[in-house]
Amino acid sequence: METLPTTVPSKSERRARSSKFSQSSSKPSVIMAFFSCVAWLYVAGRLWQDSENRVVLNNILKKSYHQKPKVLTVDDKLMVLGCKDLERRIVETEMELTLAKSQGYLKNQKSGSSSGKKLLAVIGVYTGFGSHLRRNTFRGTWMPQGDALRKLEERGIVIRFVIGRSPNRGDSLDRKIDEENQARKDFLILENHEEAQEELPKKVKFFFSAAVQNWDAQFYIKVDDNIDLDLEGLIGLLESRRGQDAAYIGCMKSGEVVAEEGGQWYEPEWWKFGDEKSYFRHAAGSLLILSKNLAQYVNINSGSLKTYAFDDTSIGSWMIGVQATYIDDNRLCCSSIRQDKVCSVA
Numbered sequence: 001m002e003t004l005p006t007t008v009p010s011k012s013e014r015r016a017r018s019s020k021f022s023q024s025s026s027k028p029s030v031i032m033a034f035f036s037c038v039a040w041l042y043v044a045g046r047l048w049q050d051s052e053n054r055v056v057l058n059n060i061l062k063k064s065y066h067q068k069p070k071v072l073t074v075d076d077k078l079m080v081l082g083c084k085d086l087e088r089r090i091v092e093t094e095m096e097l098t099l100a101k102s103q104g105y106l107k108n109q110k111s112g113s114s115s116g117k118k119l120l121a122v123i124g125v126y127t128g129f130g131s132h133l134r135r136n137t138f139r140g141t142w143m144p145q146g147d148a149l150r151k152l153e154e155r156g157i158v159i160r161f162v163i164g165r166s167p168n169r170g171d172s173l174d175r176k177i178d179e180e181n182q183a184r185k186d187f188l189i190l191e192n193h194e195e196a197q198e199e200l201p202k203k204v205k206f207f208f209s210a211a212v213q214n215w216d217a218q219f220y221i222k223v224d225d226n227i228d229l230d231l232e233g234l235i236g237l238l239e240s241r242r243g244q245d246a247a248y249i250g251c252m253k254s255g256e257v258v259a260e261e262g263g264q265w266y267e268p269e270w271w272k273f274g275d276e277k278s279y280f281r282h283a284a285g286s287l288l289i290l291s292k293n294l295a296q297y298v299n300i301n302s303g304s305l306k307t308y309a310f311d312d313t314s315i316g317s318w319m320i321g322v323q324a325t326y327i328d329d330n331r332l333c334c335s336s337i338r339q340d341k342v343c344s345v346a
């Protein structure tokens with residue numbers, strides 16, 4: 001059998017083919033290497049440029065930081081203005097003033113007697129613009145007038161009708177009170193109080209403050225204008241309590257808190273008195289007595305003391321927060337039928 005002839009390439013032909021192959025494969029490699037070098041140089045250049053930019057920017061920020069004004073806090077500003085020292089002095093002065101008031105160094109303080117002797121009591125009888133006839137009735141019964149009133153003050157008892165000013169300052173109501181006071185000289189006019197039924201709880205703060213500032217007494221007494229007094233009996237009761245501090249004296253009661261709007265004795269803030277709706281123990285408002293230090297407490301803190309719908313419950317709430325001695329005296333229950341009581345409903 002015949003075999004096909006096999007052509008074996010010569011050595012020279014193999015070299016030529018190998019040289020052609022290596023030339024064709026080396027060209028793309030060179031091109032890729034070139035572009036790689038260019039890309040590397042570009043990236044390196046950008047990184048170097050970014051680094052230089054960061055250095056320049058850092059220097060600019062440092063210069064700006066040192067050149068810009070310092071951000072001052074509120075305390076720094078107050079210190080620069082000298083307000084911190086002023087604030088400290090104001091606080092110290094307020095503390096000194098409070099201490100001075102508590103020790104009896106009070107503005108416009110006067111002695112109620114010509115001898116300068118400390119008074120036994122200041123009695124404030126609530127009155128209103130329409131109560132001229134009732135005032136005259138009191139002047140004709142238990143309340144002294146003229147020289148007799150001054151002699152009573154020498155015994156240590158000051159009595160004044162207590163009234164505020166008209167909502168329309170300077171009107172005929174104010175003028176009539178001023179004329180009556182000029183003739184009788186038996187009023188304590190509360191210049192900063194507006195006389196109105198709904199303002200009665202605030203009136204009691206103004207009364208005790210004004211009484212403490214004007215007279216130095218052992219006791220301060222608030223009396224409604226529908227109450228007759230056994231003056232000598234009241235003086236005897238006070239004499240037996242002379243020297244007793246922190247005394248809160250009256251006909252003590254509690255009672256239901258009225259939550260129904262429009263009802264008699266309605267308390268708008270009834271919800272503050274709990275689910276049982278019962279008032280705390282307090283002296284009835286017809287006649288109640290505070291010793292000097294308790295009246296001073298009202299005077300010093302009058303701006304922050306909370307008032308409720310009625311003056312007696314308002315005072316009772318103030319007494320809860322202090323070391324007051326509650327004295328329940330049945331002789332001060334003006335509506336009772338006791339024979340030895342010192343007050344009665346007129």
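Quick note, the sequence shown lines up with residues 1 to 346 if you use full-length UniProt numbering. Beta carbons: idealized from backbone N, C-alpha and C, even for Gly. Predicted model, so just to flag it, every value in this text is computed and none were measured.
Alpha-carbon to alpha-carbon, residue j and residue i
i              : j                 : result
leucine 237    : threonine 307     : 29 Å
asparagine 330 : isoleucine 235    : 16 Å
glutamate 256  : lysine 151        : 43 Å
histidine 132  : asparagine 181    : 12 Å
isoleucine 320 : proline 201       : 17 Å
alanine 39     : methionine 32     : 10 Å
isoleucine 60  : arginine 54       : 10 Å
arginine 155   : cysteine 333      : 25 Å
serine 240     : threonine 137     : 29 Å
leucine 305    : phenylalanine 273 : 17 Å
residue 425    : tryptophan 265    : As shown, the chain starts at 1 and ends at 346. That puts residue 425 outside it, with no answer to give.
N- and C-terminal bounds of the beta strand (DSSP E) containing residue i
i            : result
tyrosine 326 : 325 to 328
leucine 294  : From DSSP, leucine 294 is part of no beta strand (DSSP E) but of the alpha helix (DSSP H) over 292 to 301.
glycine 164  : 157 to 165
Those residues which DSSP pairs with residue i across a bridge
i              : result
cysteine 343   : Leu229
alanine 217    : Leu119
methionine 252 : Ala283
valine 30      : In DSSP, valine 30 forms no bridge with anything.
Short Cβ contact (8 Å threshold) for residue i with residue j
i              : j              : result
isoleucine 221 : isoleucine 123 : yes
tyrosine 297   : valine 322     : yes
glycine 233    : isoleucine 289 : no
aspartate 225  : valine 342     : no
lysine 118     : aspartate 216  : yes
leucine 120    : isoleucine 177 : no
tyrosine 248   : threonine 313  : no
glutamate 194  : proline 167    : yes
Start and end residues, alpha helix (DSSP H) containing residue i
i                 : result
leucine 305       : Per DSSP, leucine 305 belongs to no alpha helix (DSSP H) and is neither H nor E.
glycine 146       : 146 to 154
phenylalanine 138 : 132 to 139
phenylalanine 206 : 200 to 214
lysine 176        : 172 to 184
glycine 316       : 311 to 320
Residues of its chain near residue i, where Cβ-Cβ distance is below 7 Å and the 5 sequence neighbours each way are ignored
i            : result
serine 302   : Lys205 and Ser209
valine 345   : Asn226, Ile227, Cys334 and Ser335
arginine 134 : Asp225
Nonlocal neighbours in the same chain, by C-beta distance under 8 Å from residue i, ignoring five residues either side
i              : result
aspartate 311  : Leu200, Pro201, Lys203, Val204, Lys222 and Gly285
asparagine 254 : For the sequence presented, residue 254 should be read as serine rather than asparagine. Counting only Cβ-Cβ distances below 8 Å, and skipping sequence neighbours, we find Ser278, Tyr279, Phe280, Arg281 and His282.
glycine 128    : Ile163, Glu195 and Asp225
Residue i Cβ short of 7 Å to the ligand HEM heavy atom set
i              : result
isoleucine 221 : This structure simply doesn't include the ligand HEM, nor any ligand for that matter.
Own chain partners of residue i with C-beta closer than 6 Å, once the 5 adjacent residues on each side are dropped
i           : result
proline 144 : Leu152
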